[in-house]
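Just below is one structure, and these are the notes that go with it.
Chains as they are written, first to last, in this note's numbering: chain A, 350 to 431; chain B, 350 to 431; chain C, 51 to 204; chain D, 51 to 204.
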């Protein structure tokens, strides 16, 4: 199972804090994004733009990064801490 | 009367904290320095060098500044606060 | 008589020096903790971020911070480690709060300590800039027009 | 609804904000005092100078500060006024101690507060540099070799 965490305004758009996916094998971040856009059409603009970063197991990831069973993925809108 | 205040190492050299002079009229800082050098020969190198600043009534002064009865003069070695 | 001997540094657990917490922090306590690591500290520079009442012309009534638990702490620990490796500082502490924060309340604290002041100023300024850049923390501002997630970091 | 209205500033007597004193100061208290002047404060930068155990390779056992009473306070007040006039800061506080100071103890505190952090960093750094340059305060270091008045400000 892959757990996807939504943060800040993305949580509001998805109307969920997390989403879980059961996968048969490793997939890429790009493939996961496609699944998310299907399940949460409202997230499409954010996922297609450049401002939302993706983390895999709490490290920044790229679209080619591999996600596998047991991984935690974060959808991170622009930060505004400090 | 003019009161001259010595600070930090100058106090040690002069072996005094203050020195008072009775003046008949206004004098310049340069003239006051000459009087001080006569009374405190040990202060001569400090007074002739550029590192000791002079204040008159708690404002920085130059050698041409006027000192008159009732004024307070400070002999200020290089600062090391902070 | 100890000529040119580098002053010894006491190691403090990073979990005390890098924290993300709901409750307020004590500036005095964090500065003391950092100072306790070495008698060679001559300069401490502190950055404190507080909740302002106005942002981009809008009156703010309250703030709310969300963070990615685990990842946010990890990023702050990394910033502290890079600050110590890349600047001539002796120690650094970082605390960021989450949850609701009133106007005027403390949000974030960075403490940088060094022998000489220039190093602490540079490291502190770098650390707060880096915190804003890479730490998964999000601010929501409550205004008269409603709540807004802040998406631009100035 | 207060759009673009400048946040009001509360005036605090300069004698509370600029002090030369023998006793230690509370960082928390000085920061709170500065923060209390305006709800528009979003950034506070603090410089704290402390007694180091080593100076130019010599082990220091203790420090002693002398100041020119009256003139030193006047110079600090002038620095605060120029900082507020020349930098985009809301308020500044400055405290310097005199008399004997142990290693590790606080010596000097500068607190600069602004809406945005860059202004507070610049003003704080300028103020401590200016303090060292023009304030009649002198440091004596007690070392194994004897007592020395420090005559160079690095």
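Even glycine gets a Cβ: it sits at the ideal position worked out from N, Cα and C.
What does the Cβ neighbour count give for residue i, buried or exposed, with the cut at 16 atoms within 10 Å?
| i | result |
| --- | --- |
| residue 156 of chain C | buried |
| residue 146 of chain C | buried |
| residue 197 of chain C | exposed |
| residue 117 of chain C | buried |
| residue 93 of chain C | buried |
| residue 352 of chain A | exposed |
| residue 65 of chain D | exposed |
| residue 71 of chain D | exposed |
| residue 82 of chain C | exposed |
| residue 354 of chain B | buried |
| residue 350 of chain A | exposed |
| residue 100 of chain C | buried |
| residue 52 of chain D | Confidence is the limiting factor: at residue 52 of chain D the pLDDT is only 41, short of 50, which leaves the residue's position unreliable and the question unanswerable from this model. |
| residue 90 of chain C | buried |
| residue 63 of chain D | exposed |
| residue 189 of chain C | buried |
| residue 431 of chain A | buried |
| residue 158 of chain C | buried |
| residue 167 of chain C | buried |
| residue 371 of chain B | exposed |
| residue 363 of chain A | buried |
Per DSSP, what kind of secondary structure is residue i in: helix, strand or coil?
| i | result |
| --- | --- |
| residue 62 of chain C | coil |
| residue 394 of chain A | helix |
| residue 82 of chain D | helix |
| residue 192 of chain D | strand |
| residue 53 of chain D | With a pLDDT of only 45 at residue 53 of chain D, under 50, the local geometry of the prediction cannot be trusted, and no value is derived from it. |
| residue 508 of chain A | Since the first and last residues shown for chain A are 350 and 431, residue 508 of chain A lies out of range. |
| residue 204 of chain D | The pLDDT assigned to residue 204 of chain D is 41, lower than 50, so where the model puts this residue is not dependable; a value taken from the coordinates is nonetheless given after this. If DSSP states are grouped into helix, strand and coil, residue 204 of chain D belongs with coil. |
| residue 156 of chain D | strand |
| residue 242 of chain D | Outside the modelled stretch of chain D, which goes from 51 to 204, sits residue 242 of chain D, for which no answer is possible. |
| residue 378 of chain A | helix |
| residue 147 of chain C | strand |
| residue 165 of chain C | coil |
| residue 114 of chain C | strand |
| residue 420 of chain A | coil |
Give me the Cβ distance between residue i and residue j, rounded to the nearest whole Å; I'm assuming they're in contact under 8 Å.
| i | j | result |
| --- | --- | --- |
| residue 401 of chain A | residue 416 of chain A | Contact doesn't hold; Cβ gap of about 16 Å is too wide. |
| residue 115 of chain D | residue 151 of chain D | 6 Å |
| residue 95 of chain D | residue 143 of chain D | Wrong, their Cβ atoms sit about 12 Å apart, outside the cutoff. |
| residue 87 of chain D | residue 175 of chain D | Not quite, the Cβ-Cβ distance comes to about 21 Å (not below 8 Å), so this is no contact. |
| residue 412 of chain B | residue 383 of chain B | Not a contact, Cβ separation roughly 11 Å. |
Might you give, ordered along the chain, the residues of its own chain that have their beta carbon closer than 7 Å to the beta carbon of residue i, omitting 5 neighbours on each side?
| i | result |
| --- | --- |
| residue 386 of chain B | 392, 393 and 396 |
| residue 170 of chain C | 93, 94, 95, 139, 162, 163 and 164 |
| residue 103 of chain D | 109, 110 and 153 |
With a threshold of 8 Å between beta carbons, is residue i in contact with chain D?
| i | result |
| --- | --- |
| residue 75 of chain C | no |
| residue 427 of chain B | yes |
| residue 148 of chain C | no |
| residue 404 of chain B | yes |
| residue 358 of chain B | yes |
| residue 431 of chain B | yes |
| residue 152 of chain C | no |
| residue 81 of chain C | yes |
To which residues of the same chain is residue i closer than 6 Å at the C-beta, ignoring the five residues directly before and after it?
| i | result |
| --- | --- |
| residue 178 of chain C | 97 and 160 |
| residue 192 of chain D | 111 and 112 |
| residue 60 of chain D | 87 |
| residue 125 of chain C | 184 and 185 |
| residue 376 of chain B | 416 |
For chain C, check one thing: does any of its Cβ atoms lie closer than 8 Å to the Cβ of residue i?
| i | result |
| --- | --- |
| residue 177 of chain D | no |
| residue 423 of chain A | yes |
| residue 419 of chain A | no |
| residue 196 of chain D | no |
| residue 169 of chain D | no |
| residue 85 of chain D | yes |
| residue 98 of chain D | yes |
| residue 185 of chain D | no |
| residue 91 of chain D | yes |
| residue 70 of chain D | no |
| residue 369 of chain A | no |
| residue 61 of chain D | no |
| residue 200 of chain D | no |
| residue 78 of chain D | yes |
| residue 162 of chain D | no |
Apart from the five residues on each side of it in sequence, which residues of its chain come closer than 8 Å, Cβ to Cβ, to residue i?
| i | result |
| --- | --- |
| residue 356 of chain B | 423, 424, 425 and 426 |
| residue 388 of chain B | 368 |
| residue 172 of chain C | 137 |
| residue 194 of chain C | 108, 109 and 111 |
| residue 200 of chain D | 105, 188, 189, 190 and 191 |
Could one say the Cβ of residue i lies closer than 8 Å to chain A's Cβ atoms, at least one of them?
| i | result |
| --- | --- |
| residue 159 of chain C | no |
| residue 65 of chain C | no |
(Q) Along the region 108-126 of chain C, where does the CB come closer than 9 Å to a CB of chain G? Name the residues. (A) Of the protein chains in this structure, namely A, B, C and D, none is chain G.
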